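Have a look at the structure below before the remarks.
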Amino acid sequence: MTAPRRLTFSGPSARLQHALLMGLFRLAVTRGLYGRFARGLGRVFHPENAVFLHADGAAPYRIALNDGYWTRFALYHAPYEPEVARVLTAAREATPLFCDLGANKGYWTTRAAPLFDQVIAVEASETTFAELYGNASRLHNVSLHHAAIHARSGEILTFVNTHLSHASARLMGDAPPGARDRTESVPTLAIDDLVQEGIAALIKLDVEGAEVAAISGAARALAQGAVLIYEDHGNDPACTVSAHLLGLPGMRIYSIEAGLAPMPDTATIRALKTDPYKGYNFLAARADSPLLAAIAERFANPVNSG
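Residue numbers (full-length UniProt numbering): 1 to 306.
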């Protein structure tokens, strides 16, 4: 995934808005200013102004210029999550299936489509799913689902679509929704009902607050060699998701930020998470997973996957 990237624009005013925004981002001295700059300019320019990111032979990915998250991380601080891109490249030809669960607007869905025979993308937020659909619906090997990944299929969950959050939706819990938040109820899907029997899939899981339940619904897929890319956030000192995975028989976890580095316990994981505002990506699979072995062999810094 090393092809040069290029940008196209929805129109001349979008090109100007992008140039101004990138200039303002250079002045951002706090994290909050990125979003304020993007939203502020978005009130001056047409709300539909957008950049289309072309990279890696993938379909163009539309980024709204009033989106403080994607303009910051996919445009200003590009490339976005290069460690995930390396895993996708390493898994190419080692599995036919990539699952983008909590797909947001489809960044990894579009990036993965040229690499795998089949891509399954799932997003819970109705508004965000509409943007995912716009980015990926024309890709012949991609199937899209407006649903929530959870332990069992066929249930109904209520989500809060958090105002100004790129994360799209979080499970309704003890914290009430904010005045400008919106709630919606969506059906659930379990990973074991998405991944065909006998296929060791590469699965990217990014489901805010529902990771443990989602992993519970992936027991068969993991037993059959699936490899999981998941996030352990810097603001979670308990390393909740990693602790759950480490408690499963035969499971191995690796950091992927600089090669593949084994993570034997939560203390090692906690020591890596130095930024409380950042989500850290890790790899998890059973020690006997052939897909994990193939990724390790092809990765920039291969290790013994056992």
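Even glycine gets a Cβ: it sits at the ideal position worked out from N, Cα and C. The model shown is predicted, which means the values in this text are computed figures rather than measured ones.
Where residue i falls, given that 16 or more other Cβ within 10 Å makes a residue buried
i      : result
Ser305 : Unreliable positioning characterises Ser305 in this predicted model, as indicated by a pLDDT of 37, which lies under 50. The coordinate reading is nonetheless provided below. Under this definition Ser305 is a buried residue.
Val303 : Residue placement at Val303 cannot be trusted, given a pLDDT of 45 that sits under 50; what the coordinates show is reported in the next sentence. Exposed is the call here.
Lys204 : buried
Leu189 : buried
Asn104 : buried
Arg286 : buried
Val29  : exposed
Ile156 : exposed
Glu297 : exposed
Val160 : buried
Ser125 : buried
Glu123 : buried
Gln27  : It should be pointed out that residue 27 corresponds to Leu in this sequence rather than to Gln. Its Cβ having fewer than 16 others within 10 Å, Leu27 is exposed.
Val142 : buried
Ala113 : buried
Gly198 : exposed
Leu291 : buried
Nearest candidate by alpha-carbon position, reference residue i, set the options
i           : options                           : result
Ser185      : His54, Ala148 and Glu211          : Ala148
Gly259      : Ala50, Ala85 and Ala38            : Ala85
Phe52       : Leu246, Phe9 and Asp193           : Phe9
Pro249      : Pro47, Arg26, Leu222 and Arg43    : Leu222
Arg111      : Ala284, Gly279, Arg5 and Ala213   : Arg5
Thr274      : Arg62, His18, Ile120 and Asn235   : Asn235
residue 361 : Trp108, Leu88 and Gln118          : Outside the displayed range of the chain (1 to 306) lies residue 361, so it cannot be described from this structure.
Lys278      : Ala293, Glu231, Ala64 and His150  : Glu231
Ala78       : Asn66, Thr109 and Met22           : Met22
Gly106      : Tyr76, Gly68, Ala59 and Leu41     : Ala59
Arg15       : Thr183, Ala121 and Asn49          : Asn49
Glu83       : Phe282, Arg92, Leu65 and Asp100   : Phe282
Ala293      : Arg92, Tyr69 and Leu33            : Arg92
His80       : Tyr61, Ala90 and Asn66            : Here residue 80 is Tyr; the residue named in the question, His, does not match the sequence. The option with the nearest alpha carbon to Tyr80 is Tyr61.
residue 365 : Leu7, Leu75 and Val87             : Nothing about residue 365 can be reported from this structure: the residues present for the chain run from 1 to 306 only.
Leu65       : His54, Gly57 and Val44            : Val44
Asn135      : His54, Tyr280, Met251 and Pro12   : His54
Ala271      : Gly247, His140, His233 and Ile295 : His233
Glu211      : Thr268, Leu228 and Gly57          : Leu228
Cβ-Cβ separation, residue j to residue i (assumed contact under 8 angstroms), whole Å
i      : j      : result
Asp206 : Gly102 : 4 angstroms
Tyr254 : Ala261 : 6 angstroms
Gly209 : Pro187 : About 18 angstroms separates the two Cβ atoms, so there is no contact after all.
Ser289 : Gly217 : Rounded, the Cβ-Cβ distance is 18 angstroms, inconsistent with contact.
Phe98  : Ala219 : Actually they do not touch by this definition, with Cβ atoms about 20 angstroms apart.
Thr71  : Ala38  : 5 angstroms
His146 : Ala214 : 16 angstroms between Cβ atoms; not a contact.
Which residues DSSP lists as bridging residue i, in chain order
i      : result
Gln118 : Leu97
Ser137 : Its beta-bridge partners do not exist; DSSP assigns none.
Pro262 : Tyr254
Arg26  : Paired residue(s): none; Arg26 is not in a bridge.
His145 : Val122
Tyr280 : Asp232
Arg286 : Met251
Arg6   : His54
Test: residue i CB closer than 8 angstroms to a CB of chain D
i     : result
Ala59 : Here there is only one protein chain, and chain D is not present.
Minimum length 4: unbroken alpha helix (DSSP H) runs contained in the region 173 to 246: Along the region 173 to 246, the alpha helix (DSSP H) occurs as fully enclosed runs of 4 or more residues at 191 to 194, 211 to 216, 219 to 223 and 240 to 246, listed in sequence order.
Beta strand (DSSP E) runs contained entirely in the region 46 to 105, provided each spans 3 or more residues: Uninterrupted beta strand (DSSP E) stretches at least 3 residues long and entirely within the region 46 to 105 occur at 50 to 54, 61 to 64 and 97 to 101, given in chain order.
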